[in-house]
Every structure is written in C-alpha cells, then in structure tokens.
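Residue numbers (our numbering), protein chains in the order written: chain W, 56 to 521; chain S, 56 to 521; chain U, 56 to 521; chain B, 56 to 521.
Here is the structure we will look at, set down as structure tokens.
4 protein chains.
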Amino acid sequence: MHTKPRDACGIVGIYNLEDAARHAVLGLHALQHRGQESAGVVTALDGKLHCHKGMGLVANVFPGGSPAEGADRLPGTTAIGHVRYSTAGGSNLVNAQPLIAGYMDSEVALGHNGNLCQSQTLRAQLASHGALFQTSTDSELVLHLLAQHQAKTPEEIARVLALLGPAFSLVMLYPLPLPGRLIAARDPWGFRPLVLGELKRPGKSVAMVVASETCALDQIEAEYVREIEPGEMVIIDHAGLRSIRFAQAQTPLWRCLLEHIYFARPDSLVFGETPHLVRERCGEALAKEQPVAADIVVPIPDSGFSAAMGYARAINIPLERGLIRNHYVGRSFIAPGQHARAMAVRMKHNIVREVVEGKRIVLVDDSLIRGTTTATLAQSLRKAGAKEVHLRIACPPTRHPCAYGVDFPDRDELIAHNRSVDEIRHLLELDSLGYLSEQGLLRLFGQNAADFCTACWSGCNPKLEP
Amino acid sequence: MHTKPRDACGIVGIYNLEDAARHAVLGLHALQHRGQESAGVVTALDGKLHCHKGMGLVANVFPGGSPAEGADRLPGTTAIGHVRYSTAGGSNLVNAQPLIAGYMDSEVALGHNGNLCQSQTLRAQLASHGALFQTSTDSELVLHLLAQHQAKTPEEIARVLALLGPAFSLVMLYPLPLPGRLIAARDPWGFRPLVLGELKRPGKSVAMVVASETCALDQIEAEYVREIEPGEMVIIDHAGLRSIRFAQAQTPLWRCLLEHIYFARPDSLVFGETPHLVRERCGEALAKEQPVAADIVVPIPDSGFSAAMGYARAINIPLERGLIRNHYVGRSFIAPGQHARAMAVRMKHNIVREVVEGKRIVLVDDSLIRGTTTATLAQSLRKAGAKEVHLRIACPPTRHPCAYGVDFPDRDELIAHNRSVDEIRHLLELDSLGYLSEQGLLRLFGQNAADFCTACWSGCNPKLEP
Amino acid sequence: MHTKPRDACGIVGIYNLEDAARHAVLGLHALQHRGQESAGVVTALDGKLHCHKGMGLVANVFPGGSPAEGADRLPGTTAIGHVRYSTAGGSNLVNAQPLIAGYMDSEVALGHNGNLCQSQTLRAQLASHGALFQTSTDSELVLHLLAQHQAKTPEEIARVLALLGPAFSLVMLYPLPLPGRLIAARDPWGFRPLVLGELKRPGKSVAMVVASETCALDQIEAEYVREIEPGEMVIIDHAGLRSIRFAQAQTPLWRCLLEHIYFARPDSLVFGETPHLVRERCGEALAKEQPVAADIVVPIPDSGFSAAMGYARAINIPLERGLIRNHYVGRSFIAPGQHARAMAVRMKHNIVREVVEGKRIVLVDDSLIRGTTTATLAQSLRKAGAKEVHLRIACPPTRHPCAYGVDFPDRDELIAHNRSVDEIRHLLELDSLGYLSEQGLLRLFGQNAADFCTACWSGCNPKLEP
Amino acid sequence: MHTKPRDACGIVGIYNLEDAARHAVLGLHALQHRGQESAGVVTALDGKLHCHKGMGLVANVFPGGSPAEGADRLPGTTAIGHVRYSTAGGSNLVNAQPLIAGYMDSEVALGHNGNLCQSQTLRAQLASHGALFQTSTDSELVLHLLAQHQAKTPEEIARVLALLGPAFSLVMLYPLPLPGRLIAARDPWGFRPLVLGELKRPGKSVAMVVASETCALDQIEAEYVREIEPGEMVIIDHAGLRSIRFAQAQTPLWRCLLEHIYFARPDSLVFGETPHLVRERCGEALAKEQPVAADIVVPIPDSGFSAAMGYARAINIPLERGLIRNHYVGRSFIAPGQHARAMAVRMKHNIVREVVEGKRIVLVDDSLIRGTTTATLAQSLRKAGAKEVHLRIACPPTRHPCAYGVDFPDRDELIAHNRSVDEIRHLLELDSLGYLSEQGLLRLFGQNAADFCTACWSGCNPKLEP
C-alpha cells in the first residue's frame, strides 16, 4: 500500500464507434511506448461496464485485438483504455488501469496519466473520513474524492477535479446516460498531453476520440481537432460534446519537457509540435554548444536518432550506424554463471566494428539517466577499436526525480545527481561529455519557453512552492 | 457491481508456524469442496502483507503448494487463506479473496464465509458516506465499516462486527503488531462453522489454526480445540490468544443444516457432529418415513453415499454400485453438433448395466436442487433396463434460496419451488419420490434441533423477521 | 531414447460420424482412468491427417471438447484418439500418441495400448536396417515395421501385425481412401481389451466406434457389438467393415487379469464381464479364504469399494465409510519445510474418526503395489483410535513387473517382491494381512480361468517361454 | 508431411563452456532475426542428450535464459541451438529444431540452416528403403541418411554429408565420446554462412563456438577465428578440433547474396564483409544508377536504413526520418469490423507528417518482395501531404522463389514475378521506381562477384543445372 508507483502512462477514449474496444486496443498499441507494464480497456453497454486488463504488452493482454478468452467480452460503442509504465516494485494486477469502482448508484472507470503530487495530503484527508484503499495508485484517490463528494453530474465532477492539484490527464467512463458518458480532463498546469480527435466516415455520425498523443488518432485515422486545454473537462455523451472549465489554466503552464525530449513518439503532435523535429533541433543546438572534432556521429538507437541527425548535420560530420539495436530482446536474463550473466547485458546493442574501428566517435543520445547502458556501450566501442568516444546528450543533466508522473529511478541512481559533468565523464571513461544547456533548450521554443516544467534539471519548481 | 454472488466459501488461518503459506494451502486443499472458483492466501511479514490469489482450484493457483511464479513470494509464519464457491455470473478475479485493503495507516486482509443479509442497507448507508466500492462482494462491506469506524484495536473491531448482522464466519490478518495479528470471528447466530485448533510439536512453541471445518486441521495434524463461539471474536498475536464477545450468542442459534446435509466434508466435525454419521441417520430416518419395495439401493455418487448406506441398512435391501462417477470430468464441454453435446451431459455418471438390469431401484441422494442431473440419471437407468426407479431424498424439499451464504440457483430453478412432491415425481418420470420430512430431520438432533436454520425448506425464518 | 515407458493406455476410433474429433474426445474422457499423462486426437479429411495432442488430462488438452486454440482444427468424420498412462521418467510430448508418420506416399496415425515385449529384438533388427528412432515408445516400432515392409494394403498391414508378438491393441488411421480408413487390431493373445460398437441414428447411415472399453461406447450412446477378436484386424472404410485374421488366436488366451482387478472402469464390459461384479465376487471369495473377527469393513476409496462390498456381505460385517477420498487433490506438493511436506502425503484420504474409533477394522483394497499409501492409512487409522487394523487384498501378491503393458514400478518397489505375507504384515504394522489366492481368483472365472495371464503374481509366463 | 517449409534459420554450437545452454540461448538471441517461429537447445551430459524447444521467440521459449520450468533441465558444457524462420503453413512443434533421433546405439541432435534442393529424390530413395518420416523438414533427411549408412565415425558422417547436395550449414551433437562431440559442416557451394570462434578466459581452457553469424560470437565475447569452409566438416571433442573435407569447395561458390542484402544482421561479418557497409554501398550504387530530383530521402525502417544512408550521401539529398517503426507491434490483429481491420495494417509504420508534408520523397528499402506494406506506405505518405513518392530498391527485382533455404512467398505473390518495373510502379502508384541492377550489385564485390548465387533474380542457376 505504501510504495507509490509513478504513473507515466497512456490513455485513450472512444465514443460512438462500433467495435470501440478494438479501436481502443489499436490506440493503446500506438501508445505502447508510454507504458509496458499493464494494459486495460473498459467499455460501456446497456448501463453496465465491461472490463479486461492484464499485465504485459497490449499484444499479450489483447492478442488479436481482443481478450484472449472471449473476444466478445468488451461490447459497446464507447470505451476507454490505459497502458501503464513498467515500475520496479509495485508491478501488480491490482494497480492496472482503468480502475473500476462504484459509489452511490453509479459505476465509473478511470484511466489516469500523471502523478498527484498532493497525494499524501489527499490520502490522509480521505483516510480520516474512513476511506478504504484497495490499490497503491494515486488514481484511486480521484475515485475516492468523487465518492466522498457524491459527484455525479458533470458540474459536480468538475468541482472534484478542481481539488486535485498537479498532475493529471485522465479519461473517465460512466455507463449512463446511454450509450455511456466519456469524460476527458487535464490539470490546469497542462503537465501531460491530451488531445481530441474525430473520425468522420461517409453515412455515419461522427465518432470522437481522445488520446495522450496524436499517434493514437493516426492509428485509427481519426483527425486531430485540438488539445484538451489545461483546466478543461470535456464531456461526450448522447447530448454531444460539452466543455467545462473546472479551473483556469495556469500562467505560465508547466508542460513536461521530457515529453518532447524522449517520452512521446517522434511522429506525434505534442503541445503543438512534432517531437522528432524538436529533437533534431536539440541536436543542432547541442552541436553549437558542444562541438567536437570527430570522424563520425553515432546515434544510440533508437532514442538518440533524431538528435544525432541534427547534431551531424549542424557540425557536418557524417552520421554512421555504429550501433545496431536488437529489437527482439526480452526483459530479463537470469543466469547463475558469471560469464553468461555478464554477456547478457550486451544483448540490446551491437557494434558494427568496421564502422567504428579507428574512428573518433561522437555518441549522441536524447538523455542520460542511470548511465549504466551508456557506460557499457562506451567501453564496448573502445574494445571494438574506437580511437575516441565523445558523448553528447541532447538535454540538460537530469538531477532530480519527477514529482509529476515520469517514472525516474531514485535520486541516488541518477548519474547526474550530486555529480559534476566532469565527474560523470570520468565515471563513464569518456574522452569528453557535453550536455545541452537549459537555456539552449528552452530557447528552441521561443515564446513558449516559459510554459515548460524544468524541475528534473533545476530540482525545484519555484512556480509551485509559493 | 450489482450482482451479489453468494459466498459459500472456506477459510483458514495459521499463526506461529514456519512456512505458514504452504500450511494454509494444505488447509485450503482440505476445504476445496467449499469453493472451486478461486483460491488465495495472504501472509504477514515485517509489517507488510503478501498476497497471491487466482481463479480455479487450489492445485492450479498454488501448483506444488506455492504460487506458480516465485515460490518464496508468501513469506512469514502467519497466514490466512480462502476458497470461493463457483458462482454463475460474478466469477471474477476482483472478487477473489482474501481481500486486501488499507485504511488509516493500516493494511488488513479478510477472508469471509457467509452472506451479509443486510448488505443492501449497509451498502446504502456506506454509499451515503462516500464509500467507494471496488468489488461486488459483501465482504468488502466489512472492510468499509472498519474504515468508516476507524477501527484498529480489537475492541474497536469488535464494535464493528456487532453491526454486521447475519451471516459470517471470517478471518482477518493485520501485519502489526509483529509477527502479525490473526483475528477469527463468527456471527451471533452461528450460521457457518468455524473451529480452532492447535499444533504442538516437540521443542517448538504451539501454533494456532482456525478453519471452516476440522478436516483442514486434520490435514496438517493440528488438534481440534473447540468451535469459535457464535458472537465470539478470537485475537491471536504476540500476546497470545484472547477472546472478545462482540455480541451475545442468539438463542436459539441458526446453524445451517445444509452443512450437515451436503456442504461439509463427511469426515469433518461440524457443530459437534460428524456429517457422515448425520447423513447415515438421515438415510435411516428416510427409510422409516418413505419405505419402498425394491431390489437394490443405489446411491448417487458421491453425494448420496452416506444416506444410501443408512437407508439400505434400515430397510434391509442390498446397497449396490449401480452408478459410477467419473472424477476426471472437467467443467464444461462445448460442442456445436447436437449429438456430441447431448452425449456430454452423460460424462459425470456411468451406469453399471448388469447391476441395474431388471431391478427395482431405490436411488438415494442427499438433496434435490435443480433436478436436471437426476432426471438424466433416472432416464438412463430405465434405458439400461431398470424395472422401477424410486427416488429418495435425505432432506426436505428445497423450496427457497438461501439468504445466508449457500450458493443456490434462483427460486425458479429450484425444482421444488411451487411444485408438489407428486408434480416433481411426474416431471422426473419416477415410479415414486419421497423426501425426509422436516420434523423427521430435526428429530435426529434431539435437544439441539431448535438451533438450526430451516429457511430453505420453510421459506422464511420466523426467528429473524420480528 | 533408452527408457522404455509402459504403455497402459486407452484408445478410441470413430468412423462416419460428423464432429468425429469431439466424439473421440468424449470417448477419451470415459477412458481417462487408463492414462492421465497425455491425450491426443487425429482426424482425416480430404486425404490429410489433422492432429492435436498435449500433456495432461483430456480436459486440459481439449478444453470444451476441442483444442484450446482453433476449435475447428480437427475436421472430418473419422478420428482416432489416445490417452497415455503417467510414467515417472519418460513423460514427454514427443512420446504422446497418436503418433503420426509418413512412409512411401502415405501418412498414418497410430494409437497403441500395450507393450511389445519383443521390442529390443525388433528395435535391434530395425536399427541394423538403418531405422531412425524419434521417440522412446514401442509404438514407433509398429510404424517402422510398416515402413520397412512398405505395407499399404490391409493384407500387407496384416502381415506386419503378425510379426509383433505380444502385447497390443491398436487403432490406425489412414487418410486414404476417402474419407479415411480406420484399422483396429488386437494381438493373438488378447492381452488388452478392444471392443467394437455402432451408433445408429434415424435418417443417418450407421457410425462405427472402436474403444478400449465399453464405457467409451456408452459415453456416446454407441451400442456394443462385439470384441475385436485376438488375432483379428478390422478395416473400416468407404467399402464398409472387413475383418482379416492376421494370426490365429492363441489357445489359451492371456487376457490381463488386472483389467478386471483394478484397471478397467467398474461399469465397462471387459472380456465379456463387468469389473464391478468381478471385484465383488473377489471380495466374497476373499472373505471365505481370509475371514477375520472385526467390527466394520472399511474400503480404501475408490479402488477397494466393490471388493469391500463383496467382503462385507459375505462375512456379514457392516460396511462403513471410515475413509473419505479428496478428489480435488492435485498431483504433487513440493514443500521445503519438513512439516508441510509430511502433511502433504495425507491429502488424498481422510479418516472419519467417529466411525473408526474403538473399532476392529478390516481394510479392503483391490491390490497392494508399493504399499506406501496403505502404510500411512493404517498408521492414521490407529492414531484415530482404531483398535485393530486388518488388511485384506482382493488379489494375489503382486510380485513381478508386467512385460505386457501395465505401468508397474520397478521390481524392488513392489512391496511383495521377495517378501512373505508375514513380512509385509510386519512392515505395514498390521494386525493381520490376507490376500486372495491365485486359485481362488481364477476359480471365479470358471471355464475361462485358463484364458488369463497371471505373470505378475507367478513371475513367469510358462505359456510364453517354450 | 507434404508441405516443405523453407529453412532459413540460425544455428549455434558451444563446446567446453560451463552453462553451455545459457550461452547457446544468448547466441540464439543474437540470431533471432534469422528465425522467429521456434527455438530450441540441446545439451549433452554423461552420454545423454537433454532438449528443450518451443514455438515462438527465444525470449518466450527460454524466459530468463532457460526453460520456463526447470532451469536446470539443460545441464552440460556442450550445446547446440536453433531458431527457425516463421513459415505460413507448416508451423508446428514437431518441426522445431534441433531434431533428436536415435540410430544404432547412438543418439544425435541436429540443427540445420538451408534447404536440401534434392530433397524429393532423397526422400523417395529413403522411402523405398523403408524410412519412416516423422516431420516435414528436409533436416530429417540428413538424420535418415546417417541412419541408413550407419554412420558413426566422423569419416562415415563425412561420407553421408557428401551425398546431400545444396544447401546446408549444420551443427550436430553426439553425447559420446564424453563430454559430447560437436560437429559443424557447410555444403560445398557455401550457400549459408557458418563461422568458428573461440572464447579464451584466464585460467580456463579455451571454449569453441560455431554460429551462423559473427554477431552470436560477439554476444558471448567469443573471438572470430574463421569461416567453416565450403565442403568442410569440423569435429570438436575431447581430442580437440579436427577438420575433414567431405567434398571439394565448388568453383565458383554460390554464397547467398540475400544474406548481405537483408538477411544477416548489419553488424555481423558475413562471407568476410559487414552487411551494413555492403548495404550502404548498394545505396550509393543505386543512387548512381537511379538518381531522382527530390527533397528528402526517407528510409523504410529498419530494413532500408543502411541503403538509404548510402543513397542520400551519394546523391546529396538530406536523409530524414519520415517514417517511424512501432517495435511493439504483435504479429496479427483479427478484427471483425471493417474499420478496425483496415486500421490495423497501419500499426507497423507511422508517418512524421511535418517531415513529409509538401516534399518530394525518395523512399528507400533493401528489397521489395510482396509489395503490400510498401503500397500502404506510399499511399499514406501521399495522404500525409507528400508531393511525390519515388521508390528505390537496393537490389534487383526478386522474381523467383529460393530453392536453397530463404523463406520467400510463392511465385505468384512476388510482386516482380511476371511484371515489368513500370507495371510494378503503376501498381504501387509511385511517381517513379528504380532497382539496383544485377551488374551494379555484383560489381560491388569485385573479384568475389562470381561467388554468389543470383537465382532469385535470374530465375535459374546455370551453375547447378548441367
């Protein structure tokens, strides 16, 4: 009950689309990069909710696009879905979402992306009123508050959302009024993305879709309409689409910059921009701030690819595939013998020896978190004959865990926590190491620069603490 | 959320026994006849609860005696376990027990046998206070009441138990004080059985065991000490065993007579008597009330065996194995073709043709609920050459569903509901049909006769409704 | 490759029945007692064979009556099926039957019940001709001989069967001529049972069924026609049913008496008699040979039931249910702690204390193989208060492993090997022990007495060795 | 028995390495791209073989690096392993490799990469000698020939290999002499790669490794020693490493060019060169042969990446990530509704709209087989706003299935079969289409150009047919 997992997840909602569950599953496939721990879909039909969720990838939980047993177990034209980020300890089916619960006469399902940073206060307050907690998620708190406030109408629900604080993007599904009511909402700081789309087909009434990223819209050929606004709650039901402002959008916003840096899919539209292009620009800016005399630029695949392209172009050094990623690699490899275990850490990336041999290499990645994989790579590159290994990171040093829903390791496992750049360089045995500066990064966003949270670099968020 | 499954289940609790989880699993094996839908065990160690549960038989959920993955996932010397009866609709992992929840600073696990017949009132009252329901079980209500009343000490918990009404036998496990606190309680009417045992081994301090039936004690060689009394709550922790009366035992009690008739295992000690012997006496009494001129007595295996022995002995007709049960048969057989499907209903029982051919047969069973299997059997016996088929049932006609926790079908599916004995005889195409009378049955219990619930025969419980 | 598992199995064949696979599965359900290690079905359609087999019970390999994935994977109106006995070491999917193989242009599937006692000679001879062995079963030898002799026509196949020696009952399925050719054959000694049945339905042409026991016919309402004769091969195809004598029936036959004693289902018709009645007569004969002054007769359930009924009746002592069997018990229970492991051996049988307390008990079982379970039971009965424990076994001492297909333990694990009756009595701590004598047993079969194999008692088969 | 699957697979062999099975599994992980249908490992210990194989990816068959049940089931210091290519119809556990069989007194395990193009002749000849076929693989033929010729000594085995014809690279494992004998061999034409490596560790005797590609050596830090030569058989046992020439290497060789074009991993060393660099050079040559006026070069990820880099560089147009691949996508998505099904084909690749919008695009891939995915991509690019879509393929048109072990679709499913380049362009709705010419491709290999098989482009192999 006490380990609080970070909920960096993906959510999707479908309204007025036959076979809604399968479309939700398709959307979750597109959002799979946002969470691989568990997947779930809830549909509404005839005043009842239907649920299937399980541990693992979408393809495992929904083989062939539906539950393994009983393809027809998720009927209806309204659905919400959720994928959950893999966390170390609290991996548990009871925490898988969407959560379903009942209060008053009502059932509701909830899918939540984000982390309630006031969860301790909220939990204590709820506990003192006799609340019974059955999961270890923040998301359950939202349901408890709805129950405590007996919130049923959109207006009542809006009043509860106003109490939550940062950070959430969420979808909710009520089975009534028929054929179900889909609610989507985003916190006033706009931490996590959430977009609205529609699917028009000849001879059919329009279907509505909400999703964490536009790639989920693309997957089912829904057209992007707009973002759900910070502080906005959208209600979609038989009466159409309605919007309620449960709180004024904060000025400035605190959009999560990591969505652009590495979290969102490169082809999505996030906060109005395409991550792939943002990352390329980061690479270019990095090249200007941290140039190096080298023979080739080598991306750490797949994460460093966009930034490396920008870097190589800006500094006019050829981009080369010196590392190949093995996409078949499973999660864990447990070997008692020492040699077999040592070899297993090398399963993910492979070196193209002839590319790197005798070369001065600039290794480019989007970020540097723990640094363990990168250390192994740098070492392997040298063994394969690289003359110099320079590492360039297309964002500032990640020094602090995220309180708003990105699943970072503990403070002490962050390689940049309490270490200078030179200390890190030394630790990783690099010839040089360069990060993109915070100013350099923010400058790329022009007048929107103020609207981003930078707490994982600067350590505190002056905007939040009064 | 709205289908209320009947909770006729089995529970077990272990205190101060190394490898507590495996002993709990052994106990659940012995109680498997009380519930085949799901199985679960929770242990306490170092102030935390550890849980594993799953759908299906104990042997499937705990292959080899422990969770399939991670045999060491249930550490500790304190454990509770639960098996749940297979119900038609609400079969769902979320309803599997023990339930785990948190309130205030505390975790608790609960295993419950019985049905709270005031659940609607309790649920409505809890809902009006903002309770959030995450299962469709009555058992969750107990946890909600504990949370609502912030009950932590045994005395506070006792006050909550006093609110529940009929019917419950339950075990609870708190992780603190170390090494865990085991609580066992039984409603003041004494509906469901619950016994206390102890396990003494040379050189070790005594271990305590609670269980639905003594057969679970026998399984792990624990000695029977006594029943948990109606209205009693037993607390077992580092301070030893304590007993609190949370309510006075009702006079008379409402022990469930079906425990003796068919629910409990024949070799258990239930309410102070052995079901096998009770069933034999029922058969004897039935023979006196409903004799018949026949050639052989044939039990419907395995349920009718004890009663048939009593019947045959009393009437002095030879007992013969005319029917053999196939114990390997799985639950369901789905065949599209009509012939294959028709054949599948015959999988459970097989007729020994040479035994029954040309004979006048008295078929004996412990009870008659839906009557569908019995109808098939009677028909098959005739096809196999039986000259006459007489059916004798060793209890009164079951006319009403149970409100206290036995998983009966709906009223309309009970063959005796709104039908006279002769109508049933006609429907089943029998030469004669006889039931043991309610008086005849109760007479067998002598002065304890008043201490039984007979609501499933008489339809209402005059003791309950004022 | 070298461990030769004993093949005491069950086989079934279906011809001209829509949904043949599901009917075969139903038949295998009825034969489940003959083998729990693996199950498999092969069908023929359009000149091709279709196969599904797996480890475990029929209900696991064919949940709902068909393969778990792809219920339509076994099309056609012709099918054979097989269940295999659980053996200690060689449990392996590669040995599961029916075996499928190709030779010349032909595919064939084979299901075999029995053990080729000349397998070493046959194997050596085949090996010297370059045969490649891919399983460790005797059954593969039959296929190799067919291939080596290029046997395709029924006459050619018959010539190969004549080479096999004891012991086999088998079914074969060829996909051609359409809609498939079903072959059933039985060795000239008649070791294992094999029966022929037919299924007549109005408006449809008759379907043919072969099976190890009649209970498989009963299961699908096929009528018993006759035994497949020793030395007979039956061919069922589009041309109807034909019979070939591939060898003269031996005089006398060597029918396996253990089929009657404990292997076959009590309600089957085996070698023209009903095992339940044979076992009752054994019990009666045992009572006359080995009477005892006692208070109650207690069968070891379920195996000793029929014999105990006969014993009790003959000696006029009441039959009582002093032991209850727990039918839910899974195969194995692995516990590291000593107490939990010790308790696990007690999972299968439970004692009804009030029945046995203070009583002189005659425990009756059909046979005594290893003696370990019986030893535990005797001990437990004493602990539960039994005054005396007398054991009566309704067959002679089993002193020798079977060479013809019954899965016995090794010689040294047979409690009666190299031990006198009194030594066994002492070992099991019994007050007395009595076996039915070989003469007493054979006398029950009248003029058929000579037609049984008694090698597991006498140790050698004088009829076989010249 | 009659569908002959194409065996384009990966093989590995380990000698004298503790925990050999886990190292074999690691090697198979590195070779996973060569086969995803099944995986298997066989080890030798104490004169016996131990086997585990299953359907699916290495990570599924060997979770954590060992069999799911019984991590210790593959003991020994000698092992061979195999991954098998996913084929449409014949996907079946019985065909999974390594195959194990027995002949004479010997067991042997075989892993085979390639296709015996004389299999029909060999099979007919074996059949006429009475061979019994239990799989539908060519690989079984090798075992049958060994059995037929009673080949036991390396010299005898070599004589059998000389009979096989093209194409094979194989590993065999005999349990004797202790601690096992590892054999690796390659056909005289050298179709499939096979390399030898060694693993030196301080204080330990050297371990030997054979594998389809060097990436498997890299994975376990074994050093590349040399290729197994065409016509060579290498024997590794307690006597050390010996080499036998079972046939003279053909002049010229027929190395499979597709290994370089798309089959082998980019970082491997194949036939002495690095596929990534070969592919880059193909892209460069393609640019010279088939230039186009365009704005950006977009690789089809991941297959077209290396070639696109070469193409972009040669023609000096920027390489852009216009397509993103979703690596989480499972195999199949079955949806009854039309819209959901239509959307599912779009799961694998995603378009970065802002990159492609308004652009003239050169799409580059390594090859074009069926063309269905490419057609969808081209269409989607246009929908996303691409002004022109030009396709460039870095190899000649694939017009013919492969007889030597690459798993191609049937002739009629090859888009280039019986179609001119312009017809294909029209079918795919492209603005232009260009292939690398056969001469252009071969020229890249200089004096080795003659040593490649080009049958899938030219349709016949004049070298083979006399």
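Cβ coordinates follow ideal geometry from the N, Cα and C atoms, glycine included.
What you are looking at is a predicted structure, and each value in this text was computed from that prediction instead of being measured.
C-beta atoms of residue i and residue j nearer than 9 Å
i: residue 136(S); j: residue 95(S); result: yes
i: residue 435(U); j: residue 401(U); result: yes
i: residue 340(W); j: residue 365(W); result: yes
i: residue 104(B); j: residue 97(B); result: yes
i: residue 222(S); j: residue 244(S); result: yes
i: residue 376(S); j: residue 153(U); result: no
i: residue 288(S); j: residue 228(S); result: no
i: residue 337(B); j: residue 459(B); result: no
i: residue 129(U); j: residue 177(U); result: no
i: residue 282(U); j: residue 248(U); result: yes
i: residue 456(B); j: residue 476(B); result: no
i: residue 82(U); j: residue 399(S); result: no
Candidates the options, of which the one nearest residue i by Cα
i: residue 275(W); options: 255(W), 293(W), 259(W) and 292(W); result: 255(W)
i: residue 183(U); options: 373(B), 480(B), 193(B) and 199(B); result: 199(B)
i: residue 233(W); options: 500(W), 420(W) and 70(W); result: 70(W)
i: residue 262(W); options: 370(W), 268(W), 269(W) and 251(W); result: 251(W)
i: residue 191(U); options: 158(B), 93(B), 214(B) and 398(B); result: 158(B)
i: residue 286(W); options: 462(W), 212(W) and 139(W); result: 212(W)
Neighbour flag for residue i against chain U, beta carbons, 9 Å
i: residue 401(S); result: yes
CB contact check: residue i to chain W, cutoff 9 Å
i: residue 144(S); result: With a pLDDT of 35 at residue 144(S), under the threshold of 50, the modelled position of this residue cannot be trusted; read the value that follows with caution. Cβ-Cβ to chain W under 9 Å: no for residue 144(S).
i: residue 462(S); result: no
i: residue 156(S); result: yes
i: residue 189(S); result: yes
Bridge partners - residue i, DSSP secondary structure assignment
i: residue 281(W); result: 251(W)
i: residue 108(U); result: 95(U)
i: residue 224(W); result: 168(W) and 241(W)
i: residue 420(W); result: 448(W)
Closer than 9 Å to chain S by CB, residue i
i: residue 198(W); result: yes
i: residue 203(W); result: yes
i: residue 211(W); result: no
i: residue 223(U); result: no
i: residue 306(U); result: no
Report task. Count the C-beta pairs between the segment 413-431 of chain S and the segment 323-330 of chain U that are closer than 8 Å, then say yes if the count reaches three, no if not. Result -> Output reads no: the segment 323-330 of chain U does not touch the segment 413-431 of chain S.
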